[in-house]
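Right under this line is the structure:
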């Protein structure tokens with residue numbers, strides 16, 4: 026029998042069988058308590074991140090998927106970066122949400138040594154994005170990989 030692993034989150038930790046895969050999504054919104062937030066920030070985990078062979082290949086695949094699934098998708102920028110000394114790529118794009126609202130998202134993607142891709146996504150309405158862009162970058166910049 027394989028030893029369970031500990032799954033940790035802000036509120037605590039639990040024992041999970043090793044055959045289970047972490048695909049959690051951490052979602053934050055601003056302002057707190059709002060039914061209609063002005064901005065959101067999410068961190069997603071993709072355990073199969075290294076299946077694309079490289080960080081650039083993974084981001085290429087993500088951009089292609091976004092272009093297919095996001096209405097009025099438009100890539101604004103893509104550039105290399107670092108997060109906690111690890112190579113990362115940043116993409117910024119606009120699209121139209123299902124309710125017709127124009128939004129801008131900034132995604133920062135990095136591949137951990139385990140092969141898991143972490144994607145940090147900051148989202149705001151098109152006309153408000155510049156208000157939150159620096160805050161999104163600061164949040165990503167503060168991330169520290171658990172050693």
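Residue numbers (the numbering used here): 26 to 172.
All C-beta atoms in this analysis are idealised placements derived from N, C-alpha and C, irrespective of residue type, glycine included.
Checklist entry - Going by beta carbon distance, what residues of the same chain come within less than 7 Å of residue 95, once the five residues before and after it are set aside? => result Here the question's residue 95 lines up with position 70 in the chain shown. Apart from sequence neighbours up to five positions away, the residues of its chain that approach residue 95 with a beta-carbon distance below 7 Å are 120, ordered along the chain.
Checklist entry - Based on Cα-Cα distance, which residue from 111, 46, 61 and 33 lies nearest to residue 167? => result Here residue 167 refers to the residue found at position 142 when the chain shown is read from its first residue. Selected option, being the one with the closest Cα: 111.
Next on the checklist: Once DSSP output is grouped into helix, strand and coil, what is the label at residue 127?
Outcome noted: Taking the first residue of the chain shown as position 1, residue 127 is located at position 102. DSSP, read as helix, strand or coil, puts residue 127 in strand.
Next on the checklist: Measuring only the C-alpha atoms, how far is residue 153 from residue 101?
Outcome noted: In the chain shown, the residue the question calls residue 153 occupies position 128. In the chain shown, the residue the question calls residue 101 occupies position 76. Cα to Cα, the separation comes out at about 16 Å.
Item to check | Where the beta strand (DSSP E) containing residue 147 begins and where it ends | outcome: Here residue 147 is taken as the residue at index 122 of the chain shown, counted from 1. Per DSSP, the continuous beta strand (DSSP E) segment holding residue 147 begins and ends at 142-150.
Item to check | 4 or more residues per run - each alpha helix (DSSP H) lying fully within the region 41-101 | outcome: 80-94
Next on the checklist: Do residue 157 and residue 64 have their beta-carbon atoms positioned less than 7 Å apart in this structure?
Outcome noted: Position 39 of the chain shown holds residue 64. Position 132 of the chain shown holds residue 157. Yes, they are a contact pair.
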